[in-house]
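Chains as they are written, first to last, in my numbering: chain A, 1 to 111; chain B, 112 to 946.
The beta carbon of each residue, even a glycine, is placed where N, CA and C say it ideally should be.
Structure, as structure tokens:
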Amino acid sequence: MQENAAPWTGLVNQLFELEQRLKPKKEIIDTTRQFDRIRIHLEELGIKYHNPANEGYQETRTDCEASVVGDYLEGKMVISRVIKPIIYRVVESKTVILQRAIVVVESCKDQ
Amino acid sequence: MNTINFGIDLGTTNSLVARFSNGKVEIFKHPVGLKDTLPSVVAFRTNRVLVGDKARELLEKDGRNVFAGFKRKMGTSESFFVPVLQKSISPIELSKMVLQELRTFIYDGSQPESVVITIPASFDTIQSNATKKAGHEAGFKEVVLLQEPIAACLAFANKHELSLEDGNWLVYDLGGGTFDVAIIRIENSELKVVDHKGDNYLGGLDFDNLLVERVLLPQIADTHSDLDQFMENSFRASLEFQRVFQLLLFKAEEAKKELSSNDHTEIEITLPLPSDEEKDVLLSVSREQFNACIGAKVEYSISLVKELLESNQLLPSDVKQVVLVGGSTYIPFVRESIERLLGISVNTTVDPTTAVVVGAGYYAGTKRAMLAPLRSTTKPEVQAQPFLPVVNLSYLKTSTEQEELIMASLDKPFEGFYRITREDGGFDSGLLPAAQKLRQYVPLLSGQLNRFALKLYDLNQNPVPVSVPVVEVTQGKFSVQGQPLPNDICLEVDDVEEKRTKLEVIFLKNSILPLEKTVYRELSKTIRKDGSDRLIVNILEGDKFALPSTNQVIGLIEIGPERLTQDLIKGSDLEIKIQISESREISISVFVSISEQEFKEVFSPSERYVSLQKLHEEIDTLILQMKHDVKDYEQTEDFEIAGKINQYLEEAIAVKQELDKSVDAVNTDEKYHLQERKRRIAQKFDQLDRFKKLSLLRHEYFEMKQNIESFFRDDITRNKFESEYLTISKNESAFLKVESTLLIEGKVRELRILRSKLILNSKDHLISLYFNLAQVDRQAYSDKRMAAVFIEQGEKALERQNYDELKMVNIALLNLLPDDDARKVNRNFMGTGIG
């Protein structure tokens, strides 16, 4: 999809960061409902995002750009930190990645 | 002339590919993530080869099997031993792999046979020939080389459509990891690299590291006493520190970009405390601090420029243009330093990250290809060839697992590789050695159709023209227990303009259970805590195009004033969540944002739900509609239908009378009975009326359009209103096909509003409307005195030919006319409260 994706990715990255920063403060201010709603509106506009935190990491995962911390043990790596989420564009049931996640991965052993 | 058209910047750090077409250069983007660049890195894994980003990730972790910077070794006898392959590989082979990967960027399937590849100014004949060889091995039959600084000059000259006058240009190339500077001499429009200098270990990555080490880490330790461990060597050796360092590097890169346009930026980061807790830290970086960090490195690069000029007996004033190349030249300090230390002004209008490939593209667009042209630039037809294998696929088409096995068998032995990629770009198996039987587990995206492509490659990693069908696996959509919905499920919402309710589809017929959806609406009216209005969330099952009153209520929440903690103001948000379980149990949750109240109820499909307020309103609306339609049909002399509707009208009136009588029906079964009778009458009426009405509405739609177009004979009117008209009639063939009276009615209404605007803007219509209103019996106006005042004002406006004033007079007079019966009923419309 050869289109200017920057405004979308910029918007979603800020949203994601906001979501992550507010998560530990859920007891004081619960914004789950608002974020769920924004997510639904984005989906109506054909934009989806996904936080791959704690998912397994293989080098075949081209939806993430990883920085490896510690030893690299093939098949035993896990995403320990997500700096930017995976952003998808969905047009007529066809899904395309607009932005790969920026993640830190490390071996299960190191965690 | 048949020109080459394709240009490649085969860089030390990153590579790019572009095409010249119709006078412009298009840079092909990475199919995933849409970046322009491919890191020039190759990684060898067990049974797999990775090129680009995935390989770069492993560079620091597995340096023995992952290779970067091999461009510097082109043309040498040096080769790299790959432990995982137990064999050595040459820089030419590695470059070939990068070039082959770049071919996958060409999204339209073109298979260029000729290409221009750029090389550094420092490359000698052997290095140049090695690059050519890599190009040939990557499948290009014709490779033309172009020096990088010349390519950059071409990009610059083409951007500004400059004629190449005789003189010296300077190309300053500061990339991510390398620095080069070259003098280009132009004589008789010919460009030639006169001399060059460089440093292979100077670039933007150094700047990021310096910013972290010299500004960010000291600031963390200085301003947060609980984080002073960041400067301690013992902590710096820990994994925790490495995690934070990666994050800081990422933030430093963003800050660096930010400081290119702002004097100051802030970095927010969450850091670990020794107590295992986390702390949010705000760091501040000024452009001045950043400049101080990188000052020495930049000055060093400029000292190399000075040396180069001196050794060629040139003064800075002999340089006509300075062309900047490489992402690091975005930094204002770099640009300022060149201008300050050399006294030469720089031009910053060409994107320095793509200048080389763009120049290569322009060159390719003018360079004649020596090979015969391909007949087509699109994908060649794949034809069965006897020596190629036929691929038979085997896989599950639906799956509830997170990954699935794709198996393929080849009908004859095949030596080479295969690769499987997922359409969205989230999975790439890399190149795997092929055997007669292929097996690969692939990850699936949840709840959707996943498409995979399997491709075969020969031993030189060139694609083999074998036709393999796309693998399609649907994840999670169909489970064994899954059963489809027999009817549409809709929410009843208000159509405030038409003073009636309409249906909004929540789940379509044949959707697979269980289902869940949240819809967001606004309140269509204010519901006061001390008033009598109610908010009604009505979920209906039936035809989405039918009248709401014909469908079966399957879930209903009525929120009366007694349940409210405050007034609900019109326009405030409502969140309605509807879930249907596999056993068809319906859960509705309504969250009213203004009062932060949540109302939840679970409905069993075996019960019926009736709101008396709604029942009264529905039967009134139905009767009104029937009366209106009877009149219409009688006017068009369609007495048969008018007769039938009259019959239904009598039945509806009977239901209304019974409903009015049974005021206390709230606690009896009577309301269910009356509701059912009303529904049946409404269904019969809807069935009878809908098709007739659809055809009338379509007719009215076209009539209205014709009427509006007659106004467009006047150019001023056309310019003012045509775009609004085209917006309304957009997708006309689609909405006219749908059997929804509401949809076409909506369009007719929009056209009617537009026509009113046109009338109000038309001088003739304004005058004739005024005369009609002036002749209306004064007794008919609700305020006779005001009507007389307006009529007099209209006379004067006519004399002055002030048509704007006449328009206002007409509107005022129309507002003084009483409502007809229908409007009276509409004024009392209660609705659901959901807009």
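| said: Less than 8 angstroms between the beta carbons of B:Ser-706 and B:Leu-685, yes or no? | reply: Within the second sequence, numbered from 1, the residue matching residue 706 of chain B stands at position 595. Within the second sequence, numbered from 1, the residue matching residue 685 of chain B stands at position 574. Cβ atoms of B:Ser-706 and B:Leu-685: not closer than 8 angstroms.
| field | Nearest-angstrom Cα separation, counted from A:Val-103 out to B:Leu-658 | value | As a first step, residue 658 of chain B is located in the second sequence; it is residue number 547 there, counting from the start. As a first step, residue 103 of chain A is located in the first sequence; it is residue number 103 there, counting from the start. Their Cα atoms are separated by approximately 52 angstroms.
Given 8 angstroms, three or more beta-carbon pairs between the region 424–443 of chain B and the region 277–295 of chain B
Between the region 424–443 of chain B and the region 277–295 of chain B, the count of C-beta pairs closer than 8 angstroms reaches three or more; the two stretches touch.
In this structure, what does DSSP give as the bridge partners for B:Glu-306?
-> Numbered from its first residue, the second sequence carries residue 306 of chain B at position 195. Checking the displayed sequence, the identity of residue 306 of chain B turns out to be Asp instead of Glu. According to DSSP, residue pairing for B:Asp-306 in a beta bridge involves B:Ile-294.
Check your understanding: Do you know how far the Cα of A:Pro-24 is from the Cα of B:Ser-704?
Key -> Here residue 704 of chain B refers to the residue found at position 593 of the second sequence. Here residue 24 of chain A refers to the residue found at position 24 of the first sequence. Rounded to whole angstroms, B:Ser-704 to A:Pro-24 spans 23 angstroms at the Cα level.
Report task. Check whether the Cβ of B:Val-907 lies closer than 8 angstroms to any Cβ atom in chain A. Result -> Position 796 of the second sequence holds residue 907 of chain B. This sequence places Lys at residue 907 of chain B; Val is not what is there. Not one beta carbon of chain A lies nearer than 8 angstroms to the beta carbon of B:Lys-907.
Using CA atoms only, rank isn't needed, just tell me which of B:Glu-856, B:Arg-863 and B:Glu-781 is closest to B:Gln-817. Taking the first residue of the second sequence as 1, we reach residue 817 of chain B at position 706. Measuring from the Cα of B:Gln-817, the nearest candidate turns out to be B:Arg-863.
Margin query: By DSSP's criteria, A:Met-77 is part of a beta bridge. Which residues make up the other side?
Written below: Sequence index remark: in the first sequence, residue 77 of chain A carries index 77 (1-based). Under the DSSP definition of a beta bridge, A:Met-77 partners with A:Tyr-57 and A:Ser-107.
Give the interface partners of B:Gln-559 over in chain A, defined as CB-CB distance under 9 angstroms, in chain order.
Indexing the second sequence from 1 puts residue 559 of chain B at position 448. Proximity of chain A to B:Gln-559 at the Cβ level (cut-off 9 angstroms) is accounted for by Val-90, Ser-93 and Thr-95, in chain order.
Among all the DSSP beta bridges, which residues are the ones paired with B:Met-518?
-> Working through the second sequence from its first residue, we reach residue 518 of chain B at position 407. Looking at the DSSP assignment, B:Met-518 forms a beta bridge with B:Ser-505 and B:Arg-550.
Residues of the region 37–50 of chain A in Cβ contact with chain B at a cutoff of 7 angstroms, in chain order, please.
Cβ contacts with chain B: Arg-37 and Ile-40.
Counted within 10 angstroms of its Cβ, other Cβ atoms place B:Val-396 as buried (16 or more) or exposed | Against the second sequence, residue 396 of chain B aligns to sequence position 285. Its Cβ being crowded by 16 or more others within 10 Å, B:Val-396 is buried.
The region 182–213 of chain B: which residues have C-beta closer than 7 angstroms to a C-beta of chain A, in chain order? Result list empty, no residue passes.
Quick one: residues in its chain with C-beta nearer than 7 angstroms to the C-beta of B:Lys-146, no 5 flanking neighbours on either side, listed in chain order?
-> For the purposes of this step, residue 146 of chain B is taken as residue 35 along the second sequence, with counting starting at 1. So the qualifying residues of the chain are Lys-140.
Using a Cβ-Cβ cut-off of 7 angstroms (strictly less than) and excluding sequence neighbours within five positions of B:Phe-538, which residues of its own chain qualify?
Counting from one through the second sequence, the residue named residue 538 of chain B turns up at place 427. Taken in chain order, the residues that qualify are Thr-532, Val-553 and Pro-554.
To which residues does DSSP link B:Gln-258 through a beta bridge?
Taking the second sequence and counting its residues from 1, one reaches residue 258 of chain B at position 147. In the DSSP assignment, B:Gln-258 forms a beta bridge with B:Ile-230.
Next on the checklist: Can you look up B:Arg-486 in the DSSP assignment and give me helix, strand or coil?
Outcome noted: Numbered from 1 along the second sequence, position 375 holds the residue referred to as residue 486 of chain B. Interpretation of B:Arg-486 is limited by its pLDDT of 48, a score under 50 that renders its predicted location unreliable; no figure is taken from the coordinates.
Worksheet entry | C-alpha gap between B:Phe-796 and B:Ile-647, whole angstroms | In the second sequence, residue 796 of chain B corresponds to position 685, counting from 1. In the second sequence, residue 647 of chain B corresponds to position 536, counting from 1. Between B:Phe-796 and B:Ile-647, the alpha-carbon positions lie close to 24 angstroms from each other.
How would you call B:Lys-417, buried or exposed, if buried means at least 16 neighbouring beta carbons within 10 angstroms?
On the second sequence, position 306 is the one that residue 417 of chain B refers to. So B:Lys-417 counts as exposed.
| message | In the DSSP output, what is B:Glu-709 paired with across the bridge? | response | As a working note, residue 709 of chain B is residue 598 in the second sequence. For B:Glu-709, which the question treats as bridged, DSSP gives the partners B:Phe-702.
Handout entry: Residue nearest to B:Val-430 in terms of C-alpha spacing, selected from B:Gly-278, B:Lys-308, B:Lys-523 and B:Ser-520
Key = The residue given as residue 430 of chain B occupies position 319 in the second sequence. Of the listed residues, the one whose Cα sits closest to B:Val-430 is B:Gly-278.
Report task. Pull up the distance between the alpha-carbon of B:Arg-398 and that of B:Thr-114, whole angstroms please. Result -> Numbered from its first residue, the second sequence carries residue 398 of chain B at position 287. Numbered from its first residue, the second sequence carries residue 114 of chain B at position 3. When rounded, the distance between both Cα atoms is 46 angstroms.
How about B:Ile-687 and B:Ile-665: do their beta carbons lie closer than 8 angstroms? For the purposes of this step, residue 687 of chain B is identified with residue 576 of the second sequence, where counting begins at 1. For the purposes of this step, residue 665 of chain B is identified with residue 554 of the second sequence, where counting begins at 1. Against a cut-off of 8 angstroms, the Cβ pair of B:Ile-665 and B:Ile-687 comes out as no contact.
*So, B:Val-468 versus B:Ala-129, is the Cβ gap smaller than 8 angstroms?*
Here residue 468 of chain B corresponds to residue number 357 of the second sequence, with the count starting at 1. Here residue 129 of chain B corresponds to residue number 18 of the second sequence, with the count starting at 1. Yes, the Cβ-Cβ distance between B:Val-468 and B:Ala-129 is below 8 angstroms.
Compare the C-alpha of B:Leu-499 against each of B:Val-575, B:Pro-427 and B:Phe-444 and name the closest. In the second sequence, the residue the question calls residue 499 of chain B occupies position 388. Among B:Val-575, B:Pro-427 and B:Phe-444, the Cα nearest to that of B:Leu-499 is on B:Val-575.
Please go through the same chain and pick out, in chain order, the residues whose beta-carbon is closer than 7 angstroms to the beta-carbon of B:Leu-927, but skip the five residues on each side of it. Residue mapping note: residue 927 of chain B aligns to position 816 of the second sequence, counting from 1. Only Tyr-892, Ser-893, Asp-894, Met-897 and Ala-898 meet the Cβ criterion.
So if DSSP puts B:Arg-530 in a beta bridge, which residue, or which two residues, is it bridged to? In the second sequence, the residue the question calls residue 530 of chain B occupies position 419. Beta-bridge pairing links B:Arg-530 to B:Lys-566.
- Is DSSP giving B:Val-591 helix, strand or coil here? Indexing the second sequence from 1 puts residue 591 of chain B at position 480. In this predicted model, B:Val-591 has a pLDDT of only 46, less than 50, meaning its place in the structure is not dependable; the value taken from the coordinates is given anyway. B:Val-591: coil per DSSP, three-state reduction.
**OP:** Taking only beta-carbon positions, decide if A:Gly-70 is within less than 8 angstroms of chain B.
**Re:** Position 70 of the first sequence holds residue 70 of chain A. Under the Cβ criterion of 8 angstroms, A:Gly-70 is counted among the residues facing chain B.
Quick check for students: name the residue ranges of the beta strand (DSSP E) that lie wholly in the region 412–497 of chain B, counting only runs of 3 or more.
Runs found: 430–436.
| message | Can you tell me whether B:Ser-578 is helix, strand or coil according to DSSP? | response | As a position in the second sequence, residue 578 of chain B is number 467, starting the count at 1. In the three-state scheme derived from DSSP, where H, G and I count as helix and E and B as strand, B:Ser-578 is classed as coil.
> Does the Cβ-Cβ distance between B:Tyr-529 and B:Lys-566 come in under 8 angstroms?
Replying inline: As a first step, residue 529 of chain B must be located in the second sequence, where it is residue number 418. As a first step, residue 566 of chain B must be located in the second sequence, where it is residue number 455. Yes, these two residues count as a Cβ contact at 8 angstroms.
Taking 8 angstroms as the cut-off, decide whether the C-beta atoms of B:Arg-156 and A:Glu-74 are in contact.
In the second sequence, residue 156 of chain B corresponds to position 45, counting from 1. In the first sequence, residue 74 of chain A corresponds to position 74, counting from 1. Closer than 8 angstroms, so yes.
Taking only three categories from DSSP, how would you classify B:Leu-799? In the second sequence, the residue the question calls residue 799 of chain B occupies position 688. In the structure shown, B:Leu-799 adopts helical secondary structure according to DSSP, grouped into three states.
(message) I want to verify the contact list: residues of chain B whose CB lies under 8 angstroms from the CB of A:Ile-29, in sequence order.
(response) In the first sequence, residue 29 of chain A corresponds to position 29, counting from 1. Result: empty, since nearest Cβ-Cβ is about 13 angstroms, beyond 8 angstroms.
Own chain, CB closer than 6 angstroms to B:Asn-598, minus 5 neighbours either side, in chain order: On the second sequence, residue 598 of chain B is found 487 positions in, with the first residue counted as 1. So the qualifying residues of the chain are Lys-620, Glu-652 and Gly-653.
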